[in-house]
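Please read the structure below before turning to the comments.
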Amino acid sequence: MFKDIQFLKSVFELEDLPKSDLPQLILCGRSNVGKSSFINSISNRKGIAKTSSTPGKTRSINFYKADDKFFIVDLPGFGYAKTSLKEREKWGKLVSKYILESTSIHHAFHLIDPRYEPTELDVQLNLWLKTANKDYSVILSKADKLNQSETHKAISTIHSFFPELKLNKNLFLYSTVTGRWKKPIQKKITELFF
Ligand SMILES: Nc1nc2c(ncn2[C@@H]2O[C@H](COP(=O)(O)OP(=O)(O)OP(=O)(O)O)[C@@H](O)[C@H]2O)c(=O)[nH]1
Ligand SMILES: [Mg+2]
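This is the structure:
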């Protein structure tokens, strides 16, 4: 696992991407699903990534450098209620272009809130990842909000959408509230980047 994390930069346009070919771990998924909170939690650095209970907090692509070894990249979330069609298109263009054109993406964590079925945009995002041939995992965030039977049900729903996923290989539970599900993700990150 990495020990140090540093904020590098926020990017609003793809031509401003950092000129570095360090491998990247990208975080993607719906707005409010907990992407920025995940960065704070996994790196034990409260507040390094800005979070908010109001969806739509992260509007830029934010780069964090972990141990000078790889970038953690926080992508803007999609699908919150106030998004206009224009903003939705802008999100789609930015994220799809990024996923399809970046040659440094080593792995993607696609976060999904297990209290709800994956949305149309989750399916779209999954397709972009597959089309771009990117290695990815799905992380069921906010797992503290489910009891055991709801958790089982959520996992079987995810399997009905994405049958290729295997628990603790490329499908994980996570909560920023309890440390209970941290180990398997730390192990995954270590396997991917160390
Ligand atoms: N109960 C619980 N709440 C969480 C968890 N992770 C995040 N949250 C809460 O969910 C809300 C959204 O978290 P963010 O990390 O800002 O979500 P995001 O995916 O970065 O959202 P955007 O930047 O809008 O794309 C915040 O109020 C967090 O405190 C979790 O594991 N459990
Ligand atoms: Mg965010």
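Following the numbering used here, the numbering of the sequence shown begins with -9 at its first residue and continues without gaps.
By construction, the Cβ of each residue, glycine as well, lies at the ideal position given by its N, Cα and C atoms.
Fair warning: this is a prediction, and the values are worked out from it, not measured in the lab.
CA-to-CA, the gap between residue 10 and residue -2 works out to about 12 Å. Remark: the shortest separation between the CB of residue 82 and any heavy atom of ligand 1 does not fall under 7 Å. Rounded to whole angstroms, residue 102 and residue 132 show a C-alpha spacing of 9 Å. Per DSSP, residue 56 is not a residue of any alpha helix (DSSP H); the beta strand (DSSP E) it occupies stretches across 51 to 56. Distance between residue 94 and residue 175, taken at the CA atoms: about 21 Å.
Rounded to whole angstroms, the gap between the alpha carbons of residue 115 and residue -7 is 30 Å.
Classified as buried, residue 178 has 16 or more neighbouring CB atoms from the shown chains inside 10 Å of its CB. Residue 144: member of the alpha helix (DSSP H) spanning 138 to 151, first to last residue.
By the criterion of a C-beta distance shorter than 8 Å, residue 30 is surrounded in its chain by 36, 37, 38, 39, 41 and 166, once the five residues flanking it on both sides are discounted. Taken in chain order, the complete beta strand (DSSP E) segments of 3 residues or longer contained in the region 155 to 181 are 161 to 163. If the five residues before and after residue 26 are omitted, its C-beta is found closer than 7 Å to the C-beta atoms of 39, 40, 41, 47, 48 and 64, all from its own chain and listed in chain order.
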